[in-house]
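Mapping the sequence shown onto the numbering used here, position 124 (from 1) lands on 115, and the numbers just tick up by one. Inspection log for the structure reproduced underneath, given as structure tokens.
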Amino acid sequence: EATCTEQGYSESVCSVCGDTVRKVLSEAKGHDFDVKTQKGCNGAVYTVKTCNTCGTVETEGSLDALGHVWGEQLDEAPTCTKEGRKSVVCSVCGECKETVSVPALGHSYVVTEHEATCTEQGYSESVCSVCGDTVKEVFEEAKGHIAAEPLTEVAPDCITNGVVNTYCSVCGELLESEMLPADPALHAWSEWETRTEEGYEISSRSCTVCGESEENRTELPAPKLPEVPAEPEVPELSEMPAEPEAPKTNFVPDLTNRTDAEEVPSVTGGTALSGHELAVDSAASLGETEPAGGMWILIAVLTVCGAAAICIPTAIVVSKRRK
-8 EATCTEQGYS ESVCSVCGDT VRKVLSEAKG HDFDVKTQKG CNGAVYTVKT CNTCGTVETE
52 GSLDALGHVW GEQLDEAPTC TKEGRKSVVC SVCGECKETV SVPALGHSYV VTEHEATCTE
112 QGYSESVCSV CGDTVKEVFE EAKGHIAAEP LTEVAPDCIT NGVVNTYCSV CGELLESEML
172 PADPALHAWS EWETRTEEGY EISSRSCTVC GESEENRTEL PAPKLPEVPA EPEVPELSEM
232 PAEPEAPKTN FVPDLTNRTD AEEVPSVTGG TALSGHELAV DSAASLGETE PAGGMWILIA
292 VLTVCGAAAI CIPTAIVVSK RRK
């Protein structure tokens, strides 16, 4: 497209060989000046024309000089480490009288000190607040770790390995880790449970971790049978205490008018051994002849223990055969 100073045109370029064909489409438009008259510092009067389209400035003509108005113009700002540059320029006409350097500003440091740690040196750090430049100066070496007592992180049991770690007592860094192997003897036993089974007392328990169990069997004593009382000891006849003598009597039975089969009436008042029951067998106890003095002696047999006793009864049942 046409500008103030150049024609408008089209341009065709061959994509194979690069040959170019330019065709003018329109002529240059020319400037559209805005004209102003100014009085110069050196006595000249200027007509200043400024194009409203492209901004081109053109000066024409001159008038009487008014003198320059000098001032400093910073061309390049200085930094902390590099010089800057400035010029002395007329503020009216823009003429530059001289160019001078501007000294570097230098750093403006802010210092921070860092104490030494177990692994890092102690140092001071200076940071420039303008450009960020940093200077590090070491003033102490690293202190090194101080190991604390080993700490059992995971206790071993019958199937699981344990872990013992050692840390730095200052910074807490892990220094060493050791494995504790599992030990079958480290069962977590439950409480003993007791039961009775087939004449045994059985105590058992199991591991709450691996489930292994163990038991103790104790044979129970046989049940006691009830005691049978011993039979009373029967004393020998010779050991028995003497019976008190029966009271004597002068009774003589009158058998004059008795027949062979007649019985003598019973007479009460006989004495027996204390604590025994007597049984009299007249046929076995009485003889065929009458004893002297007319007294019959009976042999009594104790019905309870079988001991024999001799009594002089006062109640006699006899059988007599008349001669």
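Ideal Cβ positions, reconstructed from N, Cα and C, are used throughout, including at glycine.
Suppose the cutoff is 7 Å on Cβ atoms and the five residues either side in sequence are ignored; what does the same chain contact list for residue i look like?
i: G278; result: Residue placement at G278 cannot be trusted, given a pLDDT of 41 that sits under 50; what the coordinates show is reported in the next sentence. No residues qualify anywhere along the chain.
i: L16; result: G(-1), Y0, S1
i: G46; result: none
i: G135; result: C109
i: E210; result: G190, Y191
i: A179; result: D148, C198, T199, V200
i: A(-7); result: G(-1), S17, E18, A19, K20
i: E(-3); result: A19
Do residue i and residue j have their CB atoms nearer than 8 Å?
i: C71; j: D124; result: yes
i: Y100; j: S117; result: yes
i: A139; j: Q112; result: no
i: E74; j: V102; result: no
i: E131; j: A107; result: yes
i: I137; j: S160; result: yes
i: R196; j: E182; result: yes
i: H59; j: C87; result: no
i: D25; j: T11; result: no
Skipping 5 residues on each side, what residues in its chain have a beta carbon closer than 8 Å to that of residue i?
i: G62; result: V79, V80, C81, S82
i: H105; result: E111, G113, Y114, S115, E116
i: L96; result: P69, T70, C71, V121
i: A176; result: C149
i: V48; result: V39, K40, T41, C42
i: E89; result: S78, V79
i: V91; result: R76, K77, S78, V79
i: T317; result: With the chain running from -8 to 314 in the structure shown, residue 317 is simply not present.
Which term fits residue i, buried or exposed, when burial requires 16 or more other beta carbons within 10 angstroms of its beta carbon?
i: Y158; result: buried
i: C8; result: exposed
i: S6; result: exposed
Taking 6 Å as the limit between beta carbons, can you name the residues of its chain near residue i, skipping five residues before and five after?
i: T386; result: For residue 386 there is no data in the structure shown, the boundaries of the chain being -8 and 314.
i: E51; result: T38
i: R13; result: Y0, E2
i: T143; result: V155
i: A173; result: P147, I150, T151, N152
i: V126; result: S117
i: L65; result: K77
i: T185; result: S194
i: A27; result: The sequence as given places Lys at residue 27; Ala does not occur at that position. Closer than 6 Å at the Cβ level, and outside the excluded window around K27, lie V39.
i: H98; result: C71, C119, D124
i: P141; result: V155, T157
i: N207; result: S194
i: V4; result: T11
i: E67; result: G75, R76
i: P220; result: none
i: V145; result: G153, V154
Regarding residue i and the ligand ADP, is the C-beta to nearest heavy atom distance less than 7 Å?
i: M170; result: As far as ligands go, the structure on display features none, and thus does not contain the ligand ADP.
Are the region 145 to 158 and the region 198 to 209 touching, with three or more C-beta to C-beta distances below 8 Å?
-> yes
Considering only residues of the region 82 to 109, which uninterrupted beta strand (DSSP E) runs meet the minimum length of 3 residues and lie entirely inside it, listed in chain order?
-> 87 to 93, 100 to 105
Go through the region 202 to 227 residue by residue and report every complete run of the alpha helix (DSSP H) that reaches 4 residues or more, in order.
-> none
Complete runs of the beta strand (DSSP E) confined to the region 103 to 162 [at least 3 residues] | 113 to 119, 125 to 131, 142 to 145, 153 to 158
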